């Protein structure tokens, strides 16, 4: 491999973020440690910098546009001054060589969000200077001559980029997130009961789990409405500034006693193992890691037509794919879930879908891409 100074650009670290998990896998992959790895960010936890050099880039931010524009300008100036030869950005910054489209396409997200807003709020949203800045920066980046490749984590996002920005298919590479199938494993019946006791969950009830911060985007309202029409319990893992709004929805629907807001959890495996299925009816979700984690634990998935993770699901067999706002359809999917998944043929079949998505597989894909871009 050529002497590659690979720079990863990400504005801010979030320990529960999908992009951060992807970057961490890169930094820890033994095959990629032969590269000269660098991180450009405002801040980054030291424990994730063992095999890389951190370059702080923390310009003053006076608002949302200032935050995005300021970081983009400062990061670009920094990488040009250092003469790095391979720039991989996880932000919409023109001039990078590789862009990972982990956030999908901003315009499509706005279109999907408009589906749940009244007309007057749609107009405000679409005329927002901030959102128009993001869309302009995104378009500028995709059209920049420096851009050699785009990484997508699902086929849905690749298709959207081709349709919206006119990039050729061979410029866009679908590289799936890796999943630790030694960490995320199914539980047998007794283990499941023990975990439920430990977490103070009902032992004999049917339980769904929802995982994700940003409740509006990830479809929590639809999940609560659908669950309210069943006998299921729902565990909500994640955080949102408007959490009280969703508690109020549960209260109005009379299912408060069956909705558990658990906050952010670090040991996610036991929460999956305690559940009977994952529900994630996202308005727009490029490729959530939680679907792969839940499948590795043998759980069936209920998700939306606008979630990239849908490609891992065989509808009616390993889960169900519904419109994000079709509550009756989501309810029917819940009621059609198999009666038991632990230690079953279905559970093992679901898990097999994730076995090939190892960190070694991710490393091989990335090395191949980097070599191609550098040639």
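Numbering (my numbering), first residue to last: 4 to 378. C-beta atoms are modelled at their ideal positions from N, C-alpha and C, and glycine is treated no differently. Please read all numbers here as calculations on a predicted model, not as lab measurements.
For this session: Pair every Cβ in the stretch 203–213 with every Cβ in the stretch 166–185, then say whether three or more of these pairs are closer than 8 Å.
Result: With a cut-off of 8 Å, the stretch 166–185 and the stretch 203–213 do not count as touching, because too few Cβ pairs lie within range.
Exercise. Using DSSP with H/G/I as helix, E/B as strand and the rest coil, what is residue 345?
Worked result: Locating residue 345 in the chain shown gives position 342, where the first residue counts as 1. Any reading at residue 345 must be qualified, since the residue scores a pLDDT of 49, below 50, and its modelled position is unreliable; the value itself is stated next. Reduced to three states, the DSSP call for residue 345 is coil.
For this session: Answer yes or no: do residue 301 and residue 270 have a C-beta to C-beta separation smaller than 8 Å?
Result: For the purposes of this step, residue 301 is taken as the residue at position 298 of the chain shown. For the purposes of this step, residue 270 is taken as the residue at position 267 of the chain shown. No Cβ-Cβ contact shorter than 8 Å links residue 301 with residue 270.
Exercise. Can you name, in chain order, every residue of its own chain whose Cβ lies under 7 Å from the Cβ of residue 95, other than the five neighbours on each side?
Worked result: Taking the first residue of the chain shown as position 1, residue 95 is located at position 92. Excluding residues within five positions, the ones whose Cβ falls inside 7 Å are 137, 140, 141, 144.
Problem set entry | Coil, strand or helix - residue 329 by DSSP | Sequence index remark: in the chain shown, residue 329 carries index 326 (1-based). Three-state result, residue 329: coil.
Exercise. Does the distance from the C-beta atom of residue 289 to that of residue 105 stay below 8 Å?
Worked result: Numbered from its first residue, the chain shown carries residue 289 at position 286. Numbered from its first residue, the chain shown carries residue 105 at position 102. It is a contact, given that the beta carbons lie within the stated cut-off.
Exercise. Mind checking residue 123: buried by the 16 CB within 10 Å criterion, or exposed?
Worked result: As a working mapping, residue 123 is identified with position 120 in the chain shown. Exposed: under 16 other Cβ atoms inside 10 Å.
For this session: Using the Cα positions of residue 257 and residue 243, report the straight-line distance between them to the nearest angstrom.
Result: In the chain shown, counting from the first residue as 1, residue 257 sits at position 254. In the chain shown, counting from the first residue as 1, residue 243 sits at position 240. C-alpha separation (whole angstroms): 22 Å.
Exercise. What are the partner residues of residue 264, as DSSP defines its beta bridges?
Worked result: Locating residue 264 in the chain shown gives position 261, counting from the first residue. 239, per the DSSP bridge assignment.
For this session: Assign residue 128 to buried or exposed, taking buried as 16 or more other Cβ atoms, counted over all protein chains shown, within 10 Å of its Cβ.
Result: Start at 1 with the first residue of the chain shown, and residue 128 comes out as number 125. Exposed.
Exercise. Can you list, in chain order, the residues of its chain whose CB lies under 7 Å from that of residue 3, leaving out five sequence neighbours each side?
Worked result: The chain is shown only over 4 to 378; residue 3 falls outside these bounds and no answer can be derived.
Exercise. Quick one: Cα of residue 187 to Cα of residue 296, how far?
Worked result: If you number the chain shown from 1, residue 187 lands on position 184. If you number the chain shown from 1, residue 296 lands on position 293. Rounded to the nearest angstrom, the two C-alpha atoms are 6 Å apart.
Problem set entry | Beta-carbon contacts of residue 172 that lie in its chain and below 7 Å, excluding the five residues immediately before and after | Numbered from its first residue, the chain shown carries residue 172 at position 169. If we look at residue 172 and ignore the five residues flanking it on each side, its Cβ neighbours are 165.
Exercise. Where does the unbroken beta strand (DSSP E) through residue 282 begin, and where does it stop?
Worked result: The residue given as residue 282 occupies position 279 in the chain shown. Its beta strand (DSSP E) spans residues 280–283.
Exercise. Alpha carbon to alpha carbon, how far is residue 12 from residue 92?
Worked result: As a working mapping, residue 12 is identified with position 9 in the chain shown. As a working mapping, residue 92 is identified with position 89 in the chain shown. Roughly 5 Å separates the two Cα atoms.
Problem set entry | Delimiting residues of the alpha helix (DSSP H) encompassing residue 152 | Along the chain shown, one-based indexing puts residue 152 at 149. Premise fails: residue 152 lies in the beta strand (DSSP E), 152–155, not in any alpha helix (DSSP H).
Exercise. Should the stretch 230–250 be called in touch with the stretch 306–320, which here means at least 3 C-beta pairs below 8 Å?
Worked result: no
Problem set entry | CA-to-CA distance, residue 212 to residue 368, given in whole angstroms | Here residue 368 refers to the residue found at position 365 of the chain shown. Here residue 212 refers to the residue found at position 209 of the chain shown. Going from the Cα of residue 368 to the Cα of residue 212 covers about 31 Å.
Exercise. In chain order, what residues of the same chain have a beta carbon less than 6 Å from the beta carbon of residue 215, not counting five sequence neighbours either side?
Worked result: Stepping through the chain shown from its first residue, residue 215 is reached at position 212. Cβ neighbours of residue 215 beyond the five flanking positions: 221, 241.
For this session: For the alpha helix (DSSP H) holding residue 362, just list the boundary residues, first then last.
Result: What you label residue 362 is simply residue 359 of the chain shown in a count that begins at 1. Here the alpha helix (DSSP H) through residue 362 covers 362–377.
Exercise. Rounded to a whole number of angstroms, what is the C-alpha to C-alpha distance between residue 376 and residue 152?
Worked result: The count along the chain shown starts at 1 and reaches residue 376 at position 373. The count along the chain shown starts at 1 and reaches residue 152 at position 149. When rounded, the distance between both Cα atoms is 7 Å.
Exercise. Helix, strand or coil: how does DSSP classify residue 272 here?
Worked result: Here residue 272 is taken as the residue at index 269 of the chain shown, counted from 1. Note: residue 272 maps to helix in three-state DSSP.
For this session: Taking only the alpha-carbon atoms, compute the straight-line gap between residue 101 and residue 89 and give it to the nearest angstrom.
Result: The residue labelled residue 101 in the question sits at position 98 within the chain shown. The residue labelled residue 89 in the question sits at position 86 within the chain shown. About 8 Å.
Exercise. With distances taken between CB atoms, is the gap from residue 2 to residue 316 smaller than 8 Å?
Worked result: The question about residue 2 has no answer, for the chain in this structure spans 4 to 378.
For this session: Pull up the distance between the alpha-carbon of residue 364 and that of residue 160, whole angstroms please.
Result: Taking the first residue of the chain shown as 1, we reach residue 364 at position 361. Taking the first residue of the chain shown as 1, we reach residue 160 at position 157. If you take the alpha carbons of residue 364 and residue 160, they lie about 20 Å apart.
Problem set entry | Pairwise C-alpha distance: residue 191 and residue 198 | Here residue 198 refers to the residue found at position 195 of the chain shown. Here residue 191 refers to the residue found at position 188 of the chain shown. Those two C-alpha atoms are separated by around 11 Å.
Problem set entry | Closest Cα partner of residue 119 within the set 356, 250, 148, 285 | Taking the first residue of the chain shown as position 1, residue 119 is located at position 116. Ranking the options by Cα distance to residue 119, first place goes to 285.
Exercise. Just to confirm, are residue 327 and residue 225 a CB contact at a threshold of 8 Å?
Worked result: If you number the chain shown from 1, residue 327 lands on position 324. If you number the chain shown from 1, residue 225 lands on position 222. In contact: residue 327 and residue 225 (Cβ atoms closer than 8 Å).
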